[in-house]
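K.L.:
Quick one: the structure is below, questions incoming.
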Amino acid sequence: MGSQLVSTDAKNKLEDLSGITILPGQNPYDAFIKACNDNPAEIQALYHAHRTKRNEQQKQKFIATDFKELIIDPFLLRLENPEMEPSFQDPRNCLVFWARPPDHIVRLAAHVQALLKKAAPSVWLMPQHRMHLTALEVTHSKTPEEITALTDIMRSAIPYIADYTYSHRSRLVKPMISYDLSAFAISFLPAAGEPPLGPPPALTATQKAVIEGDSYTYHHLRRDVFDLAQSTGVPIESRYQVPSAHITLGRYLTEKDHETPEARAKWVAIIDEINAWLEKEVWDLKDGEWVGERGGWMRGTDNCGMEGEGRSGSVRVSETEIEAGQPGRLGMLQQRSFRPQIHSWRHSGMRARLIDKFDTLGTFIERANRVNHDKRFFVTQLCD
-16 MGSQLVSTDA KNKLEDLSGI TILPGQNPYD AFIKACNDNP AEIQALYHAH RTKRNEQQKQ
44 KFIATDFKEL IIDPFLLRLE NPEMEPSFQD PRNCLVFWAR PPDHIVRLAA HVQALLKKAA
104 PSVWLMPQHR MHLTALEVTH SKTPEEITAL TDIMRSAIPY IADYTYSHRS RLVKPMISYD
164 LSAFAISFLP AAGEPPLGPP PALTATQKAV IEGDSYTYHH LRRDVFDLAQ STGVPIESRY
224 QVPSAHITLG RYLTEKDHET PEARAKWVAI IDEINAWLEK EVWDLKDGEW VGERGGWMRG
284 TDNCGMEGEG RSGSVRVSET EIEAGQPGRL GMLQQRSFRP QIHSWRHSGM RARLIDKFDT
344 LGTFIERANR VNHDKRFFVT QLCD
């Protein structure tokens, strides 16, 4: 029956509002960078244009007099409410490179979640241990066997790709809530010359050269990961390549909190209020409770980004994960009766994770796989 359901993607196309046109066959991230003259300020401006235009577009949809309904994920709805269809299995599987936010950013995201939950008690919230930023979606909506075949092709390149952010560091700044009729997220902009508020990043474990500075933006990183993944011979079949760096915070699973025009107007007003608070209290406040490096993080430094850094120090991301999982299965990890055997060793300040196999019930089998005998292990996990 799951195959008869329509995904939110089909009803909620994420269009690129930056104004950049990508031609078929192009690396979409490289085309974007060239259109911006390889200028960090222009790249940031188009990220800003995309998220502000989209927020205004979605705001008008919420308060429109002809508002019809929210876009509810039917897969997640059934997984969160198994009584609806006890035998339901989500057939979709994806292969994605994730970046884990450090505790600093997770704490901020959780605080924003709490504010939104207070305004709309019935929303579904992303579990904190599942929060992530998608650097590259390789493919989606595949069978487990198809995903396994693709990961087998990529396997030899995975260690290098997983370590890439360790020597190629990019900053993300200026968090704000982005939202639409299906979900809400905290989004960031690539840095463009904002003064660092924390200490300089630590040297790498191997003392190798590091590419950093705001001339190497998050979009440059996505460009490189795209090329590296594609060089393995695996086609890149991302659903979208819009200029967005976001962590999904939650989704709507019921109309309950948004049934009336007044309730919907209140929802968008609360989001506007939180965004104003983020800009005032998080973006540039040096010693504020929620401050990171200008309210963002740097991807690719050692020790999960927390080494030698206080609450006003730079925020780093050092865990890059490659994952194959089932969309809509988020939050189900603790609802299944199995004992995961997860093994992970520090290597160059990073860990890589890989889903390898699923069982017949649509849950997954934990299996660690040694790669190149370098104490790097891949373990199974879900993605969205």
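Read in order, the letters of the sequence shown correspond to residues -16 to 367 in our numbering. No residue lacks a Cβ here, since even glycine has one placed at the ideal position from N, Cα and C.
Leaving out five residues on either side along the sequence, give the residues of the same chain with a beta carbon under 6 Å from the beta carbon of Ile194.
P.N.:
Within the same chain, Ile194 has close Cβ partners His151.
K.L.:
Leaving out the 5 sequence neighbours to the left and right, which residues in its chain are closer than 8 Å to Ala168 when beta-carbon positions are compared?
P.N.:
Answer for Ala168: Ile160, Ser161, Tyr162, His229, Ile230, Thr231, Leu232, listed in chain order.
K.L.:
Leaving aside the five residues before and after Ile26 along the sequence, list all residues of the same chain whose C-beta is less than 6 Å from its C-beta, in chain order.
P.N.:
Closer than 6 Å at Cβ, skipping near neighbours: Cys19, Pro173, Thr200, His202.
K.L.:
Start and end of the alpha helix (DSSP H) containing Arg205?
P.N.:
Note, Arg205: alpha helix (DSSP H), 201 to 213.
K.L.:
Within its chain, find whatever has a CB closer than 6 Å to the CB of Glu253; leave out the 5 residues flanking it on each side and keep chain order.
P.N.:
Here residue 253 turns out to be Ile, not Glu, going by the sequence shown. Counting only Cβ-Cβ distances below 6 Å, and skipping sequence neighbours, we find Ala102.
K.L.:
Where do the N-terminal and C-terminal ends of the alpha helix (DSSP H) with Glu370 fall, by residue?
P.N.:
Limits of the chain in this structure are -16 at one end and 367 at the other, which puts residue 370 out of reach.
K.L.:
Relative to the C-alpha of Cys376, which candidate in Trp250, His115, Glu220, Leu261 has its C-alpha closest?
P.N.:
The chain is shown only over -16 to 367; residue 376 falls outside these bounds and no answer can be derived.
K.L.:
Take Asp369 as the anchor and find which of Ala175, Ala47, Thr215, Ala246 has the nearest alpha-carbon.
P.N.:
Given that the chain is displayed from residue -16 to residue 367, the structure contains no residue 369 and the question cannot be resolved.
K.L.:
So the alpha helix (DSSP H) Tyr147 belongs to, where does it begin and stop?
P.N.:
It spans 141 to 150 - the alpha helix (DSSP H) in which Tyr147 sits, taken as one unbroken run.
K.L.:
Do you know how far the Cα of Ala118 is from the Cα of Gln(-13)?
P.N.:
Each residue's alpha carbon lies about 30 Å from the other.
K.L.:
Nearest-angstrom Cα distance between Ser124 and Leu211?
P.N.:
The straight-line gap from Cα to Cα measures roughly 22 Å.
K.L.:
Note the first and the last residue of the continuous alpha helix (DSSP H) segment covering Ile46.
P.N.:
Taken as a continuous stretch (DSSP letters only), the alpha helix (DSSP H) holding Ile46 covers 23 to 46.
K.L.:
Which runs of the beta strand (DSSP E) spanning at least 3 residues fall entirely within the region 67 to 97, listed in chain order?
P.N.:
Those beta strand (DSSP E) runs which fall completely within the region 67 to 97 and span 3+ residues are 76 to 82.
K.L.:
What whole-angstrom Cβ distance do Phe50 and Val251 have, given they're in contact under 8 Å?
P.N.:
In fact, because the Cβ distance is near 12 Å, the residues do not count as touching under 8 Å.
K.L.:
For the alpha helix (DSSP H) that Gly57 lies in, which residues bound it at each end?
P.N.:
One point to set straight first is that residue 57 is Pro, not Gly, in the sequence displayed. Looking at the DSSP string, the run of the alpha helix (DSSP H) that includes Pro57 is 57 to 63.
K.L.:
Please classify Asp255 as buried or exposed, where buried requires at least 16 neighbouring CB atoms within 10 angstroms.
P.N.:
Burial call: exposed.
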